[in-house]
Every structure is written in C-alpha cells, then in structure tokens.
Amino acid sequence: GFIPCEGGTYQDEEGQDSCKPCPPGHQCPAGSVAAKKCAPGFYADARQPFCKECAKGTYQDKEGQRACRPCPAG
C-alpha cells in the first residue's frame, strides 16, 4: 500500500514503506511525491515541510538554497 508522507519527507517511488527526508533547499509538504525547490527569497534546512522567507536584512537570489545571505551594507 501507499503511506502518505509526513511534512518534511517525500516519496517518489511506488510500493515503498518509508519516506525520504526532504533535502536542504527544498520543501516537502505532507503527502509530497517530490521535493520542490525553494524559490529565490526563500530557504529551507533539511526535512522542512515549507520554505521560509529570508529574514529582514538577508537575501537569496538563487533557488533551492538552505540559507539566506546578509545584505551588503547600503
């Protein structure tokens, strides 16, 4: 049978009895069949159901990142 994956995990193959941890820089809401890359301006550590928005004073211009970068002065 198919087990729905909990948030922060996914399973892209049929007939598995466990789920894979969501890789860093991706989001895996509950029931995911694929890890989805975080959009620019967002980040995620491993095993996250959702990407988080970069905090004030930080930015991320690439997709699929695990952290945001501090804004340069000015």
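The letter at position 19 of the sequence shown is residue 49 when you use the numbering used here, and the numbering goes up by one with no holes. Note that the Cβ used here is the ideal one computed from N, Cα and C, for glycine as well.
*Count the other CB atoms, across all protein chains shown, that sit within 10 Å of the CB of alanine 64; report buried if there are 16 or more and exposed otherwise.*
Its Cβ having fewer than 16 others within 10 Å, alanine 64 is exposed.
*Around the Cβ of glycine 104, are there at least 16 other Cβ atoms within 10 angstroms (buried) or fewer (exposed)?*
Around the beta carbon of glycine 104, a 10 Å sphere encloses fewer than 16 other beta carbons of the protein chains shown; the residue is thus reported as exposed.
*Is DSSP giving arginine 99 helix, strand or coil here?*
strand
*Return helix, strand or coil for phenylalanine 80, following the three-state DSSP convention.*
If DSSP states are grouped into helix, strand and coil, phenylalanine 80 belongs with coil.
*Chain-order list of residues whose beta-carbon lies under 7 Å from that of glycine 87 (same chain, five-residue window excluded)*: Pro100, Cys101
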